[in-house]
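Peer 1: Submitted below is the structure of interest, expressed as structure tokens.
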Amino acid sequence: MAVEALAIGGGAGFSGDRTDAAGPVVETLVARGLPAAILFETLAERTLAAAQLARRQNPELGYEPQLDRFVGPILRACVEHRIPIVGNFGAANPRGAARRLQALARELGLPALRVGVVEGDDLSDERGRSLLAEYLPAGRGEPVSANVYQGAKPIADALRAGAQVVVTGRVADPSLAVGPAMAHFGWAEDDWTTLGRATMAGHLLECGAQVTGGYFADPGFKEVPDLAHAGFPIAEVAGDGSFTIGKAANSGGLVDARTVKEQLLYEVHDPAAYLTPDVVADISEAEVHELGGDRVAVSGVRGHPRPPTLKVNAWFDGGWLGEAEISYAGPNAEARARLAADVVLERMGGALDIRFDLIGVLSLFADDRGRALAELAPGGARDVRLRAAAAHADRALVERLLAEVTALYTCGPAGGGGVRTSIRSRLSTVSCFVPRERAPARFEILD
Amino acid sequence: MARVPLHAFAHGRTGDKGDRSNISVIAYRPEAFPFIVEQLTEARVAEAFRHRRPTAVTRYLLPKLHAVNFVIDGALDGGVNDALGLDTHGKSLVFLVLALELEVPASLLPKDSRR
Numbered sequence: 029m030a031v032e033a034l035a036i037g038g039g040a041g042f043s044g045d046r047t048d049a050a051g052p053v054v055e056t057l058v059a060r061g062l063p064a065a066i067l068f069e070t071l072a073e074r075t076l077a078a079a080q081l082a083r084r085q086n087p088e089l090g091y092e093p094q095l096d097r098f099v100g101p102i103l104r105a106c107v108e109h110r111i112p113i114v115g116n117f118g119a120a121n122p123r124g125a126a127r128r129l130q131a132l133a134r135e136l137g138l139p140a141l142r143v144g145v146v147e148g149d150d151l152s153d154e155r156g157r158s159l160l161a162e163y164l165p166a167g168r169g170e171p172v173s174a175n176v177y178q179g180a181k182p183i184a185d186a187l188r189a190g191a192q193v194v195v196t197g198r199v200a201d202p203s204l205a206v207g208p209a210m211a212h213f214g215w216a217e218d219d220w221t222t223l224g225r226a227t228m229a230g231h232l233l234e235c236g237a238q239v240t241g242g243y244f245a246d247p248g249f250k251e252v253p254d255l256a257h258a259g260f261p262i263a264e265v266a267g268d269g270s271f272t273i274g275k276a277a278n279s280g281g282l283v284d285a286r287t288v289k290e291q292l293l294y295e296v297h298d299p300a301a302y303l304t305p306d307v308v309a310d311i312s313e314a315e316v317h318e319l320g321g322d323r324v325a326v327s328g329v330r331g332h333p334r335p336p337t338l339k340v341n342a343w344f345d346g347g348w349l350g351e352a353e354i355s356y357a358g359p360n361a362e363a364r365a366r367l368a369a370d371v372v373l374e375r376m377g378g379a380l381d382i383r384f385d386l387i388g389v390l391s392l393f394a395d396d397r398g399r400a401l402a403e404l405a406p407g408g409a410r411d412v413r414l415r416a417a418a419a420h421a422d423r424a425l426v427e428r429l430l431a432e433v434t435a436l437y438t439c440g441p442a443g444g445g446g447v448r449t450s451i452r453s454r455l456s457t458v459s460c461f462v463p464r465e466r467a468p469a470r471f472e473i474l475d
Numbered sequence: 040m041a042r043v044p045l046h047a048f049a050h051g052r053t054g055d056k057g058d059r060s061n062i063s064v065i066a067y068r069p070e071a072f073p074f075i076v077e078q079l080t081e082a083r084v085a086e087a088f089r090h091r092r093p094t095a096v097t098r099y100l101l102p103k104l105h106a107v108n109f110v111i112d113g114a115l116d117g118g119v120n121d122a123l124g125l126d127t128h129g130k131s132l133v134f135l136v137l138a139l140e141l142e143v144p145a146s147l148l149p150k151d152s153r154r
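Just so you know, the protein sequences line up as chains A and B, in that order.
Counting in the numbering used here, the first sequence runs from 29 upward without gaps.
Counting in the numbering used here, the second sequence runs from 40 upward without gaps.
Written as structure tokens, this is what we have:
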């Protein structure tokens, strides 16, 4: 008899995601009664940098700050209905997250929680550092931290060893879905077509509402019903990796050919070679079929042997980013905002490379060098927010920029209001690839 | 034939990894796809991004999805952790492409966007 399909829910698509979204997903999984798992993807490129900074401040931290709010509402139902939870919410400190989840289970009066911890992504130990010395481009000095993208295998192994929750640091996002499917169906590590399909199921789940109507609505063109309560996605994966995608019951949002196509291509480069540690997935011949009732089947996905290398993101001290804004409105507002920028530029005397945006005239489509803004003839915009931004290793220099924008209140053009300033440290990133056998993953079950 | 913004007959979204942006453009109706292939070229998109000095623009065709996928290297002023702009991911950039105008038969425009 064929193994039953596996339903996989998406509980979060990024660190700042809605924390009330996973509940309805788990309710739907329970109601469907299929074997199920739920994944949480909370670790964007930028998020891990923030986690590394948090851990530098306090070694107990560095895992997903919203961990309790993501997992708390669903932990009891998942334990009781044997729905494994898989999340990269370990971020820079998977063991810290695992300990917190065990404490959370105790607080909820649940039996001791078996948590699988996947490690090997963090390259900040001695072995990792020597690997980086070999493969990172020279000249940047010592990285603050570095992580290698791990795959589905250690997640599957931890689940087979009885983990109720699997906590990872950096793993490829789709591997959060491939891991539980691999454990459920017993797939071989070189079943490329199957892994390729499951990888694209994971790819559609990994960003939460982005496949169910989020990041999609465009009034008058692409309408989304009840966007305020968009249900999060659920994939049903068959034993050959083929899948349908749907969403939580009784929720807003929509799943149709358009939402699935947009998300299928999201963060994809060559569609014939979507690289993960598990497989090279190929959607160049993929097709989508609407099944009705907010369900879409994806067919034609293929898989090719996985790459011999793993991707590494390394973080370097990126200095300080300062941002300051002031607004002008009414007659001649744009001219006053432009004059304010000129004043700041002259006061700073070339000490910093400053980016200026005229919010309400040109901002998002412009560039750091100011080329687009320079080409744009002054117009008559009547509600303009001037934004100045610069980054530098010297905090005092960046603070000077913020002070100059603040001083525009009394020393700048007429009617400037609403000054806001902020400064924060940054980590900048450099990527490289390392042979996979040089960066093995491991897992451990914490009882 | 009418000269209309892509936005009237196609949709898409932006993704980012490092200093590389990818932008999908998907025809609402299959009949519009050949016009996108013919007119929305790599050169056309490179021109739209000229201020950012991209180092490469590559277009991939997905005929079964009636979609194209642009990969634009060096488009993000260094990427999400290095750029100075407001939208360091470049999330908004698909709308820079959807604002480009193409020559298409008026019959191709979907009903609800022909207002």
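Glycine included, C-beta positions come from ideal geometry on N, C-alpha and C.
1. Spatial neighbours of residue 121(A) within its chain, please: C-beta separation below 6 Å, excluding the five flanking residues on both sides.
2. Among the residues of its own chain, which have a CB less than 7 Å from the CB of residue 397(A), if the five just before and after it don't count?
3. Reducing DSSP to helix, strand and coil, say where residue 57(B) ends up.
4. Taking 8 Å as the threshold, find out whether the segment 137-148 of chain B comes into contact with the segment 111-125 of chain B through three or more Cβ pairs.
5. Going by C-alpha distance, which of 457(A), 333(A), 81(A) and 36(A) is nearest residue 232(A)?
6. With distances taken from CA atoms, which of 244(A), 418(A) and 333(A) is nearest residue 130(B)?
7. Between 94(B), 109(B) and 123(B), which has its C-alpha nearest residue 64(B)'s C-alpha?
8. Name, please, each residue of chain B whose Cβ falls closer than 9 Å to the Cβ of residue 193(A).
9. Could you give the first and the last residue of the continuous alpha helix (DSSP H) run that contains residue 185(A)?
10. Using the rule of at least 16 other Cβ atoms within 10 Å of the residue's Cβ for burial, across every protein chain shown, is residue 39(A) buried or exposed?
11. Do we get a CB-CB distance below 9 Å when we pair residue 146(B) with the residues of chain A?
12. Less than 9 Å separating the beta-carbons of residue 451(A) and residue 426(A)?
13. So for residue 412(A), helix, strand or coil by DSSP?
14. Alpha carbon to alpha carbon, how far is residue 139(A) from residue 121(B)? Give it in angstroms, no decimals.
15. Answer yes or no: the CB of residue 390(A) versus the heavy atoms of the ligand ADP, is any distance below 8 Å?
16. At a CB distance below 9 Å, what residues from the segment 379-391 of chain A approach chain B? Give them in sequence order.
17. Using a Cβ-Cβ distance under 9 Å, would residue 65(B) count as near chain A?
18. Span of the beta strand (DSSP E) holding residue 289(A)?
19. Of the residues 294(A), 405(A), 464(A) and 185(A), which one's Cα is nearest the Cα of residue 201(A)?
20. Taking the alpha carbon of residue 253(A) as the reference point, which residue from 237(A), 372(A) and 74(A) has its own alpha carbon closest?
21. Using a C-beta cutoff of 9 Å, does residue 122(B) count as contacting chain A?
22. Report the residues of the segment 228-253 of chain A with a CB closer than 9 Å to any CB of chain B, ordered along the chain.
23. Closer than 8 Å by C-beta to residue 442(A): which residues in its own chain qualify, once you throw out the five before and the five after it? Chain order, please.
24. Could you run through the segment 293-305 of chain A and flag, in chain order, every residue whose CB is less than 9 Å away from some CB of chain B?
25. Under a Cβ-count criterion, where at least 16 other Cβ atoms within 10 Å of its own Cβ denotes burial, should residue 368(A) be classed as buried or exposed?
26. Leaving aside the five residues before and after residue 433(A) along the sequence, list all residues of the same chain whose C-beta is less than 7 Å from its C-beta, in chain order.
27. Can you list the residues of chain B that residue 58(A) reaches, using a CB-CB cut of under 9 Å?
28. In whole angstroms, give me the CA-to-CA distance for residue 462(A) and residue 298(A).
29. What span of residues does the alpha helix (DSSP H) with residue 102(A) cover, start to end?
30. State the Cα-Cα distance for the pair residue 345(A) and residue 56(B), rounded to the nearest angstrom.
31. Check the Cβ of residue 110(B) against every Cβ in chain A and list those closer than 9 Å, keeping chain order.
32. Rounded to whole angstroms, what's the CA-CA distance from residue 223(A) to residue 206(A)? Just pull it up for me.
33. Helix, strand or coil for residue 370(A) per DSSP?
34. Does any residue of chain A have a CB that is nearer than 9 Å to the CB of residue 141(B)?
35. Any beta carbon from chain A within less than 9 Å of residue 154(B)'s own beta carbon?
36. Could you tell me how far apart the beta carbons of residue 101(B) and residue 312(A) are, in whole angstroms, since I believe they sit closer than 8 Å?
Peer 2: With the given structure in hand:
1. 83, 90 and 91
2. Excluding residues within five positions, none has a Cβ falling inside 7 Å.
3. coil
4. no
5. Selected option, being the one with the closest Cα: 36(A).
6. Of all alpha-carbon atoms in 244(A), 418(A) and 333(A), the one lying nearest the alpha-carbon of residue 130(B) is that of 244(A).
7. Among 94(B), 109(B) and 123(B), the Cα nearest to that of residue 64(B) is on 109(B).
8. Those within 9 Å of residue 193(A) in chain B number zero; the least Cβ separation is about 28 Å.
9. That run of the alpha helix (DSSP H) goes 181-188.
10. buried
11. no
12. yes
13. In this structure, residue 412(A) counts as strand in the three-state DSSP scheme.
14. Residue 121(B) and residue 139(A) have their C-alpha atoms roughly 45 Å apart.
15. Among the ligands in the structure shown, none appear at all, so the ligand ADP cannot be discussed.
16. 381, 382, 383, 385, 387 and 391
17. So, interface residue.
18. Run containing residue 289(A): none in the beta strand (DSSP E); it sits in the alpha helix (DSSP H), 285-292.
19. 294(A)
20. Of the candidates 237(A), 372(A) and 74(A), the one whose C-alpha sits nearest the C-alpha of residue 253(A) is 237(A).
21. yes
22. 238, 243, 244, 246, 248, 249, 250 and 251
23. Contacts found: 364.
24. Result list: 293, 294, 295, 296, 297, 298, 299 and 300.
25. buried
26. 352, 354, 372, 416, 447 and 449
27. Taking the beta carbon of residue 58(A) as reference, no residue of chain B falls within 9 Å; the closest one sits roughly 32 Å away.
28. In a straight line, the C-alpha of residue 462(A) is about 21 Å away from that of residue 298(A).
29. Neither: residue 102(A) is in no alpha helix (DSSP H) and is coded neither H nor E.
30. If I take the Cα positions, the gap works out to 19 Å.
31. 296, 297 and 298
32. 7 Å
33. DSSP places residue 370(A) in helix when its eight states are reduced to three.
34. No, residue 141(B) lies away from the interface with chain A (no Cβ there is under 9 Å from its Cβ).
35. With a pLDDT of only 38 at residue 154(B), under the threshold of 50, the placement of this residue in the model should not be trusted; the figure read from the coordinates follows. For residue 154(B), the answer is yes, since a Cβ of chain A falls inside 9 Å of its Cβ.
36. 7 Å
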